[in-house]
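Just below is one structure, and these are the notes that go with it.
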Amino acid sequence: LYECIQNNEAYKTIDAPNTLEHRYIFEDIPHGLVALESVGKKLGLDMKNTSLIIDLASSLMEVDFRRIGRNLNDVLKDKNSHDVRSLF
674 LYECIQNNEA
684 YKTIDAPNTL
694 EHRYIFEDIP
704 HGLVALESVG
714 KKLGLDMKNT
724 SLIIDLASSL
734 MEVDFRRIGR
744 NLNDVLKDKN
754 SHDVRSLF
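Put into structure tokens, the structure is as follows:
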């Protein structure tokens, strides 16, 4: 697997971000991990690692990603019981 990834031509031109001011942080954390953490906690799952990443990013970037991110309450806002059941 390692060799396949290292030798894949499609990956050779993809560079990592050269700054933390990147969408990987400012989109994926508040709209991905915050939502995932919220749903996981509601389902009773241990989300400590996800929570840690959110906490570290929030501290490092001095941004409250939970405040600006999407959580289960945002998703369920203005939904009736049929809409909620259809999400699961």
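Following the numbering used here, the numbering of the sequence shown begins with 674 at its first residue and continues without gaps. Yeah, the Cβ is synthetic: ideal placement off N, Cα and C, and Gly gets one too.
Would you check if the distance between the CB atom of residue i and the CB atom of residue j is smaller than 8 angstroms?
| i | j | result |
| --- | --- | --- |
| residue 742 | residue 704 | yes |
| residue 745 | residue 724 | no |
| residue 690 | residue 697 | yes |
| residue 734 | residue 693 | yes |
Figure out for me which residue from the options has the closest Cα to the Cα of residue i.
| i | options | result |
| --- | --- | --- |
| residue 730 | 747, 720 and 706 | 706 |
For residue i, which of helix, strand or coil comes out of DSSP?
| i | result |
| --- | --- |
| residue 736 | coil |
| residue 686 | coil |
| residue 705 | helix |
| residue 719 | coil |
| residue 693 | coil |
| residue 714 | helix |
| residue 746 | helix |
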